[in-house]
Amino acid sequence: MTEYQVIIDGCKNLKGGIIEAFHALQDKYNYIPAEALREAARQFGVSEAEAYGVATFYSYLAVEKRGRYVIRMCESAPCHVAGADELLKEIETALGIKTGETTADGKFTLELAQCVGQCQATPVITINSQPYFNVTKEKLKEILADCK
Ligand code: FES
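Sequential numbering from 2 applies to the sequence shown in our numbering.
Listed below in structure tokens is the structure:
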């Protein structure tokens with residue numbers, strides 16, 4: 002069995018199986034690779050178009066290749082007021098990409114997020130779902146340097 006098959010197979014008996022499989026794939030690869038999506042369609046007995054429809058329906062699932070580290074800048078009002086725009090520009094400059102893009106080496110993807118429920122410590126970014134609080138330009142450098 003391929004790695005994709007093992008992951009998908011592990012979700013076959015779960016309630017909401019194909020969505021659970023997509024979650025598990027995304028946890029592992031940060032997105033749902035096309036080949037894995039085809040495999041999920043096959044194992045769950047739906048057409049590839051249906052599987053693609055499910056994967057693209059949920060905004061938190063991604064079918065485009067993403068980096069090993071997915072950085073998401075919270076853009077909701079409290080973070081916005083705390084300087085999310087400037088911080089976002091800092092991140093773009095540091096990584097050499099625009100929001101929505103992935104670095105050429107496949108290391109970082111930069112995206113926007115809605116409030117992640119940590120408004121007491123704005124501005125907030127998340128990296129692979131781990132939140133970082135009160136992020137300043139200086140802190141950002143350290144955070145990025147820690148992403149090996
Ligand atoms: S607005 Fe950014 S964490 Fe709530």
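Beta carbons are placed, not taken as given, at the ideal position from N, Cα and C, and that holds for glycine.
Quick caveat, the model's predicted, so the values are computed rather than measured.
Review point. Using 8 angstroms as the threshold, is the stretch 85–95 in touch with the stretch 20–31, meaning 3 or more CB pairs across them?
Key: no
Check your understanding: Is residue 84 near ligand 1, going by C-beta to nearest heavy atom under 7 angstroms?
Key -> Here residue 84 is taken as the residue at index 83 of the sequence shown, counted from 1. No, the beta carbon of residue 84 sits no closer than 7 angstroms to any heavy atom of ligand 1.
Review point. For residue 15, which three-state DSSP category applies?
Key: For the purposes of this step, residue 15 is taken as the residue at position 14 of the sequence shown. In the structure shown, residue 15 sits in coil (DSSP, three-state: anything other than H, G, I, E or B).
Review point. Got a sec: is the Cβ-Cβ distance from residue 14 to anything in chain D below 8 angstroms?
Key: Checking the listed chains, one finds no chain D in this structure; it contains a single protein chain.
Check your understanding: Just checking, does the stretch 44–58 make contact with the stretch 97–109 on the three C-beta pairs under 8 angstroms criterion?
Key -> With a cut-off of 8 angstroms, the stretch 97–109 and the stretch 44–58 do not count as touching, because too few Cβ pairs lie within range.
Review point. Should residue 139 be labelled buried (16 or more other beta-carbon atoms within 10 Å of its own) or exposed?
Key: By one-based count along the sequence shown, residue 139 stands at place 138. By the 10 Å Cβ count, residue 139 comes out exposed.
Practice item. Could you tell me the distance, in whole angstroms, from the CA atom of residue 133 to the CA atom of residue 125? Key: By 1-based counting over the sequence shown, the position of residue 133 is 132. By 1-based counting over the sequence shown, the position of residue 125 is 124. Their backbone Cα atoms lie some 6 angstroms apart in a straight line.
Review point. Looking only at C-alpha atoms, which of 22, 96 and 129 sits nearest to residue 142?
Key: One-based indexing of the sequence shown puts residue 142 at position 141. Among 22, 96 and 129, the Cα nearest to that of residue 142 is on 96.
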